[in-house]
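Residue numbers (the working numbering): 647 to 717. Every residue gets a Cβ at the ideal spot worked out from N, C-alpha and C, and that includes glycine. For reference, the structure is listed below as structure tokens.
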Ligand SMILES: [Zn+2]
């Protein structure tokens with residue numbers, strides 16, 4: 647196998663709940679244009695990708711992350 651799968655970053659850091667105020671973490675899951683990066687590229691597990699997506703949406707609502715892209 648040429649492509650090595652990355653470990654889920656949230657599992658690795660043993661974060662139990664993804665905080666929408668943890669902008670540093672969430673920024674790792676959005677692209678330069680502010681789009682949410684899909685699971686294949688983030689390497690997140692399904693559970694945490696969903697948690698990250700929810701947190702990003704909440705963070706956008708709180709204006710912690712940009713809205714551009716993604717629509
Ligand atoms: Zn995980």
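- Of 696, 679, 674, the smallest CA-CA separation from residue 663 is found for 696.
- Bounds of the alpha helix (DSSP H) holding residue 658 are 655–658.
- Within the chosen limit of 8 Å, ligand 1 reaches the beta carbon of residue 690 through at least one heavy atom.
- Distance check between residue 708 and each of 658, 657, 666 places 666 closest, using alpha-carbon atoms only.
- About 10 Å separates the beta carbons of residue 714 and residue 676, which is beyond the 8 Å limit, so they are not a contact pair.
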